[in-house]
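To start, the structure itself, in structure tokens.
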Amino acid sequence: MSALDRALTIDDLKTLARRRVPRQFFDYIDSGAYTEQTYNSNEADFDRITLRQRVAVNLENRNLASTMLGQPVSMPIAIAPVGSTGMTDADGEIKAARAAEKAGIPFTLSTMAICSIEDIAENTSKPFWFQLYVMRDRAYIERLIDRARAAGCSALVLTMDLQLLGQRHKDLRNGLTAPPKFTPKFVAEMMVKPGWAFRMLGTKRHTFGNIAGHVSDAVNLASLTEWTRTQFDLTLNWKDIGWIKKRFGGPVIVKGVLDAEDAKLAIANGADAIVVSNHGGRQLDGAPSTIRVLPEIVDAVGNQTEVLVDGGIRSGQHLLKALALGAKGALVGRIMAYGLGAGGEAGVTRALDIVRKETDTTMALMGERDIRNIGLHNIYSNDLDKRQGY
Ligand SMILES: Cc1cc2nc3c(=O)[nH]c(=O)nc-3n(C[C@H](O)[C@H](O)[C@H](O)COP(=O)(O)O)c2cc1C
19 MSALDRALTI
29 DDLKTLARRR
39 VPRQFFDYID
49 SGAYTEQTYN
59 SNEADFDRIT
69 LRQRVAVNLE
79 NRNLASTMLG
89 QPVSMPIAIA
99 PVGSTGMTDA
109 DGEIKAARAA
119 EKAGIPFTLS
129 TMAICSIEDI
139 AENTSKPFWF
149 QLYVMRDRAY
159 IERLIDRARA
169 AGCSALVLTM
179 DLQLLGQRHK
189 DLRNGLTAPP
199 KFTPKFVAEM
209 MVKPGWAFRM
219 LGTKRHTFGN
229 IAGHVSDAVN
239 LASLTEWTRT
249 QFDLTLNWKD
259 IGWIKKRFGG
269 PVIVKGVLDA
279 EDAKLAIANG
289 ADAIVVSNHG
299 GRQLDGAPST
309 IRVLPEIVDA
319 VGNQTEVLVD
329 GGIRSGQHLL
339 KALALGAKGA
349 LVGRIMAYGL
359 GAGGEAGVTR
369 ALDIVRKETD
379 TTMALMGERD
389 IRNIGLHNIY
399 SNDLDKRQGY
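Throughout the sequence shown, residue numbering follows the numbering used here, covering 19 to 408 in sequence.
Laid out in structure tokens, this is it:
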């Protein structure tokens with residue numbers, strides 16, 4: 019039995035990933051901003067929600083299939099955009115996209131991916147989602163949106179919560195860069211992670227594939243790094259949804275909404291769906307967990323739009339709690355990243371299988387047969403009471 023087969027939980031995959039991935043790239047995944055309060059509460063707050071156990075219902079012919087944005091999904095999960103995934107494992111975005119395609123769920127490619135939009139299109143056969151960071155260079159952003167459209171992307175995920183970076187101490191201490199700098203420390207790391215290094219030597223994809231070669235100011239590594247650092251557009255606002263949507267000509271999902279008022283503004287300005295997200299605890303440290311604010315956001319806009327959620331989801335039980343609180347589906351970042359680090363494409367497949375099985379068994383033990391019927395009746399309503407000191 020391989021180590022991957024022995025992994026029973028996402029945490030087991032995380033342990034394997036820690037062993038296989040050089041420290042700076044593992045820490046990049048396993049970190050939140052500043053004190054990591056929000057990063058930790060994303061996961062911990064799921065423990066505040068308890069599932070109702072119902073018995074003696076027919077549990078034959080269970081169904082996990084649903085839709086997200088009208089697109090059929092084999093379970094209501096999409097892979098979240100995760101920048102630099104190709105540093106977790108060589109050609110990581112291609113591997114994750116293939117695993118997602120085989121699993122029958124959407125894959126989202128980050129603007130800050132190592133593999134390019136065209137790389138994913140060439141190596142998969144189903145449409146994927148593209149996540150957009152808006153940069154100052156609007157001509158470049160227009161070309162990027164055009165490339166996503168030309169590649170057949172079926173949705174654009176517009177991230178609104180990262181126009182400047184929440185500080186992650188580990189990344190600064192580790193001197194994280196993509197591509198990595200060959201410092202003596204990093205070379206020593208590679209010697210103890212030879213599989214990772216060997217696979218990296220076998221690919222030419224070592225830098226931001228959606229940017230390199232597509233902007234004239236970024237001709238080499240130094241200028242590309244500088245360009246990226248200075249390009250995030252601080253003037254991004256709700257009105258920008260309009261032109262982005264027009265240019266793309268397909269559905270735009272606004273990601274990074276953590277407040278009911280913002281949810282209303284996103285919808286009023288044309289968002290086709292929203293992702294309740296705090297960027298996996300990587301931006302505003304001290305912000306609430308996403309599972310905590312999900313109910314009030316669903317109350318505010320749930321009858322007008324599809325509300326998706328991400329942050330802290332590590333199991334099928336977590337997914338079911340998010341659905342019970344009104345999410346139509348969830349995005350998962352670290353589940354994918356730990357799986358990829360643990361075993362490449364097969365590792366992502368293993369991660370998705372683990373969550374799928376947990377979801378199916380848990381749903382059955384809740385006395386439900388169809389994931390589309392999960393709702394508030396599946397949890398204890400007093401769990402949501404703010405007086406419990408959430
Ligand atoms: C290593 C890492 C890189 C990320 N890069 C991006 C990105 O490029 N674009 C983006 O919109 N979100 C990015 N995110 C946030 C994820 O899309 C998602 O919101 C978050 O991972 C969800 O939380 P989870 O990891 O607990 O599932 C990143 C998250 C991680 C962990």
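Yeah, the Cβ is synthetic: ideal placement off N, Cα and C, and Gly gets one too.
Between which two residues does the beta strand (DSSP E) containing residue i stretch?
| i | result |
| --- | --- |
| glycine 304 | Element bounds for glycine 304: n/a, residue is neither H nor E. |
| threonine 85 | 84-86 |
| alanine 348 | 347-350 |
| valine 91 | 89-91 |
| glutamine 149 | 147-150 |
| aspartate 328 | 324-328 |
Quick check on the DSSP output: the alpha helix (DSSP H) that includes residue i runs from which residue to which?
| i | result |
| --- | --- |
| isoleucine 95 | Looking at the DSSP string, isoleucine 95 is not in any alpha helix (DSSP H); the run it does join, the beta strand (DSSP E), is 95-97. |
| alanine 168 | 156-168 |
| leucine 283 | 278-286 |
| valine 293 | Note, valine 293: premise wrong, no alpha helix (DSSP H); beta strand (DSSP E) at 291-294. |
| asparagine 141 | 135-141 |
| threonine 33 | 28-38 |
| lysine 263 | 258-266 |
| valine 73 | Per DSSP, valine 73 belongs to no alpha helix (DSSP H) and is neither H nor E. |
| glycine 231 | Where glycine 231 is concerned, there is no enclosing alpha helix (DSSP H), given that its DSSP letter is neither H nor E. |
| phenylalanine 411 | The shown model of the chain, from 19 to 408, leaves out residue 411, and the question about it has no answer. |
| lysine 199 | From DSSP, lysine 199 is part of no alpha helix (DSSP H); its letter is neither H nor E. |
| glutamate 54 | Looking at the DSSP string, glutamate 54 is not in any alpha helix (DSSP H), and its letter there is neither H nor E. |
| alanine 342 | 334-342 |
At a cut-off of 8 Å, would you count residue i as near ligand 1, judging by its Cβ distance to the nearest heavy atom?
| i | result |
| --- | --- |
| glutamate 420 | The structure shown has nothing for residue 420, since the chain only spans 19 to 408. |
| serine 333 | no |
| valine 325 | no |
| histidine 232 | no |
| tyrosine 158 | no |
| aspartate 328 | yes |
| asparagine 287 | no |
| glutamine 149 | yes |
| valine 350 | yes |
| serine 92 | no |
| threonine 195 | no |
| asparagine 255 | no |
| methionine 130 | yes |
| proline 306 | no |
| valine 275 | no |
| asparagine 228 | no |
| glutamate 61 | yes |
| aspartate 270 | In the sequence on display, residue 270 carries valine and not aspartate. No; taking the cut-off as 8 Å, the Cβ of valine 270 has no heavy atom of ligand 1 nearer than that. |
DSSP beta-bridge partners for residue i?
| i | result |
| --- | --- |
| threonine 177 | Lys273 |
| phenylalanine 64 | None, per the DSSP bridge assignment. |
| leucine 127 | Phe148 |
| aspartate 388 | Asn81 |
| methionine 381 | Methionine 381 pairs with nothing; no bridge assigned. |
| asparagine 153 | It should be pointed out that residue 153 corresponds to methionine in this sequence rather than to asparagine. Answer is Phe250. |
| isoleucine 132 | Isoleucine 132 pairs with nothing; no bridge assigned. |
| isoleucine 397 | Leu69 |
From residue i to residue j, what does the alpha carbon distance come to, in whole angstroms?
| i | j | result |
| --- | --- | --- |
| arginine 161 | arginine 265 | 10 Å |
| arginine 405 | proline 313 | At arginine 405, the pLDDT of 48 sits below 50, so the modelled position is not reliable and the matter cannot be decided from this model. |
| arginine 66 | arginine 332 | 15 Å |
| tyrosine 151 | alanine 230 | 15 Å |
| asparagine 287 | aspartate 258 | 9 Å |
| valine 355 | glycine 362 | Note that residue 355 corresponds to alanine in the displayed sequence, not to valine. Going by the C-alpha atoms only, they are around 9 Å apart. |
| glycine 320 | threonine 201 | 50 Å |
| histidine 187 | serine 92 | 38 Å |
| aspartate 63 | alanine 236 | 42 Å |
| tryptophan 214 | aspartate 189 | 19 Å |
| leucine 394 | asparagine 400 | 11 Å |
| threonine 85 | glycine 50 | 30 Å |
| arginine 390 | glycine 329 | 21 Å |
| phenylalanine 250 | threonine 27 | 36 Å |
| serine 59 | serine 307 | 6 Å |
| valine 366 | serine 234 | 35 Å |
| alanine 115 | alanine 166 | 15 Å |
| methionine 153 | lysine 346 | 30 Å |
| cysteine 124 | alanine 340 | A small correction: the amino acid at residue 124 is proline; cysteine does not occupy that position in the sequence shown. In a straight line, the C-alpha of proline 124 is about 18 Å away from that of alanine 340. |
| alanine 74 | methionine 208 | 55 Å |
| glycine 104 | threonine 126 | 14 Å |
| glycine 274 | glycine 88 | 21 Å |
Is any non-hydrogen atom of ligand 2 found closer than 8 Å to the C-beta of residue i, if you look at the structure I gave you?
| i | result |
| --- | --- |
| isoleucine 47 | Within the structure as shown, ligand 2 is missing, the only ligands being ligand 1. |
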